[in-house]
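So the structure is just underneath, and the comments pick up after that.
Residue numbers (this note's numbering), protein chains in the order written: chain A, 1 to 230; chain B, 1 to 251; chain C, 1 to 259.
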């Protein structure tokens, strides 16, 4: 068995309760352990590494992880924080300490209000799933203009692609600014025709995420759309 | 997201397109399956784009209303089941479900879809009572039209259960007219036909117009907190006649 | 369960039932996963003449807030019969029977869902009976399990459900409408195949110990058959295409492995 990053591409769909391994491998995400055996916990595709076996889920809500880049929407404002919907089972409070401006108590509404769309970092998730987010890092900010598309979080890796290759192809073919949130929200800004092009490419990725030949299909769609525009 | 979405939708409209690629006066594909549940006397499942509605017609023998002793009775109910949308809550019908039920009912009643006189069993004593139940299963806007199309398709295939009630042989429900509704929304200066959920959410105003095959109007309902101009209303009535005839030919 | 009208023979001379089945034979069963667009997960079940739709939303914030459990998610099931699903129209709205079924279904599903991964949240399951012909609570639980898996909810296993009973003094599986109306006993069962556990059990009627033992075993066997159809439905949802695993699997699911 090779060491390092070797990964077996399986086409096996597994269902919660399916036995994945009883030979002592380490359990990866989407699994649970009982009696020394590893079982699937979610509907997904079995994935095997040299020493781990896990499940890549085919569906499911976004579960925030520290470090994730997410796109959120403000749903409520209090005197010292904004409450942000990040498409997770729980809303996340954004405290005045976590924004790049000095905000006096009670002045929160002067800076951002309900409906605003933000680019944020997940700074922490505690044991009772209380999520904290921040807008302090370089590049994080309120987003204006453009539009937001929502895809299933399980498709995000495909939208980004290996080493960002897919998202790069999309950006250069459409000349759009694109931010892909780990929470399945994608912000796109550019000329309207190009936005429409980017949206149809992302919808194609969402539909065909787990099928072979995805990259070629997307390339073809973008080239067709370019030809139409000429 | 409401502001960003509204801005984006408005920008698309200046180019004459909608988020799903439709033109402003284009309806979504309609799929109708009648006799969907055999427990009902008549039924139809309608898919209008991603909106999915099941309408069932139940009939039983009952007493007529005092002011219409020789006429059958019609009751329409709409259940916006929470399974259809995270925005629908469990509980007794809210204002939204009641409005949909009453508008569909108005179309059937004022459009004289059913020959209510023929539903009289014994004048003043016994008549057929019809229940039209609209059950929303999946929601992406425009429940008014989906429910109306479902109700008409269900009524057209309803069999009066006379045998089970000991009132003779079963017979098809007597249909006289076919009221079909068309719902449009106004976003800025644009009128959009058959709105999706997103379009309904950012709309200023909504207008449902129900017409019958003669071209006459039998029901109208304006919704939302915005306003229409008279010329817009006349344009919408024209569209309802035209598109209504098209839908009517398909059910 | 009263006396049988003289024109219905629940068991004929050949030992066959009203619809021609043998006592150990189940009604035709068909399951489709992922049938609704808006819900997070969904499933459609046809069992004999039953037509049942289940939809799942969640995990999401629990409302009302005072009902929140600080250490786990609540699995809240709402069973409802459409007005036109039965011969005598049912008045819309929850009745006591629906409330009871909602409760026991929620409890059955709670056993298999990893609720501890989602404190303070709610997983809402909606079961709508579109056409009823006896055994709707079993078909509903069967559909709900598939809908939960379809929604990507982490679970230990699916719950499969089937009923057995007695009619015309014969113990039989998967009662139809006439057998339910004019029979002598009904035993709905909810079963977790991997752990061989019973998570839903009711009984009403009149049975000897032997009849009950025979009946509950028939029901469990029926559940095992239902389970295969559930699994097949979930696999078919994605298997119509040729599959490829994403090169970088992002952590969109909690790291339960080893926890």
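Beta carbons: idealized from backbone N, C-alpha and C, even for Gly.
Only a predicted model underlies this, so the values are computations on that prediction, with no experimental measurement involved.
- Between residue 32 of chain C and residue 39 of chain C, the beta carbon gap of about 14 Å keeps them out of contact (Cβ cut-off 8 Å).
- Scanning A/54, A/19, A/149, A/202 for the CA closest to the CA of residue 35 of chain A turns up A/19.
- The beta carbon of residue 44 of chain C does not come within 9 Å of any beta carbon belonging to chain A, so the residue lies off that interface.
- For residue 17 of chain C and residue 182 of chain B, the gap between their C-alpha atoms comes out near 50 Å.
- Taking 9 Å as the threshold, the shortest C-beta distance from residue 151 of chain C to chain B does not fall below it.
- Secondary-structure assignment with DSSP links residue 185 of chain C through a beta bridge to C/166, C/205.
- Below the 9 Å Cβ cutoff, chain B contributes 8, 11, 12, 14, 15 as neighbours of residue 192 of chain A, in chain order.
- Assignment of residue 191 of chain C by DSSP, reduced to helix, strand and coil, places it in the strand class.
- Between the region 156-170 of chain B and the region 97-112 of chain B there are fewer than three C-beta pairs closer than 8 Å, too few to call the two in contact.
- Residues of the region 85-115 of chain A with a C-beta atom less than 7 Å from some C-beta of chain B are 115, listed in chain order.
- Under the DSSP assignment, residue 99 of chain C falls in the alpha helix (DSSP H) whose first and last residues are 96-112.
- Taking one beta carbon from each stretch, the region 109-118 of chain C and the region 173-189 of chain B have fewer than 3 pairs nearer than 8 Å; the two do not touch.
- DSSP lists B/131 as the bridge partner or partners of residue 58 of chain B.
- Residue burial annotation: residue 230 of chain C is buried, with at least 16 other C-beta atoms found within 10 angstroms of its C-beta.
- Residue state for residue 144 of chain B is assigned as helix, using DSSP reduced to three classes.
- With the criterion set as a beta carbon lying under 8 Å from some beta carbon of chain A, the region 122-139 of chain C has no members that meet it.
- Residue-level contact by beta carbon fails for residue 37 of chain C and chain A, as no gap is shorter than 9 Å.
- Counting the other CB atoms within 10 Å of its CB gives residue 77 of chain B a total of 16 or more, which places it among the buried residues.
- Interface annotation for the region 56-71 of chain A against chain C: 56, 57, 58, 59, 60, 61, 62, 63, 65, 68, criterion Cβ-Cβ distance under 9 Å.
- Counting only runs of 3 or more residues that sit fully inside the region 56-92 of chain A, the beta strand (DSSP E) segments are 69-77, 81-85, in chain order.
- Flagged as an interface residue toward chain B: residue 195 of chain A, by a C-beta distance shorter than 9 Å.
- Between residue 72 of chain A and residue 94 of chain A, the C-beta gap is smaller than 9 Å, which places the two residues in contact.
- Under a criterion of Cβ atoms nearer than 8 Å, the residues of chain A adjacent to residue 61 of chain C are, in order, 89, 90, 91.
- Under the three-state reduction of DSSP output, residue 186 of chain B falls in the strand class.
- Within chain A, the residues 147, 148 have their CB atoms less than 8 Å from the CB of residue 5 of chain B, given in chain order.
- CA-CA distance, residue 6 of chain B to residue 144 of chain B, rounds to 22 Å.
- In the DSSP assignment, residue 187 of chain A forms a beta bridge with A/148, A/179.
- Cβ atoms of residue 14 of chain A and residue 44 of chain A come within 8 Å of each other, at about 6 Å.
- Contact between the region 92-111 of chain A and the region 83-101 of chain C is absent: fewer than 3 CB-CB pairs across the two stretches fall below 8 Å.
- In this chain, the alpha helix (DSSP H) harbouring residue 169 of chain A covers 165-174.
- Residues of the region 124-149 of chain B with a C-beta atom less than 8 Å from some C-beta of chain C are 131, 133, 135, 137, 138, 139, 140, listed in chain order.
- Residues of chain B whose Cβ lies closer than 7 Å to the Cβ of residue 87 of chain C are, in chain order, 39.
- Runs of the alpha helix (DSSP H) spanning 4 or more residues and lying entirely within the region 62-113 of chain B occur at 95-110, in chain order.
- If you compare the alpha carbons of B/150, B/88, B/54, B/206 with that of residue 179 of chain B, the shortest gap goes to B/150.
- The criterion of a C-beta distance shorter than 9 Å is satisfied by residue 207 of chain C and residue 185 of chain C.
- Taking 9 Å as the cut-off, the Cβ atoms of residue 25 of chain C and residue 170 of chain C do not count as close.
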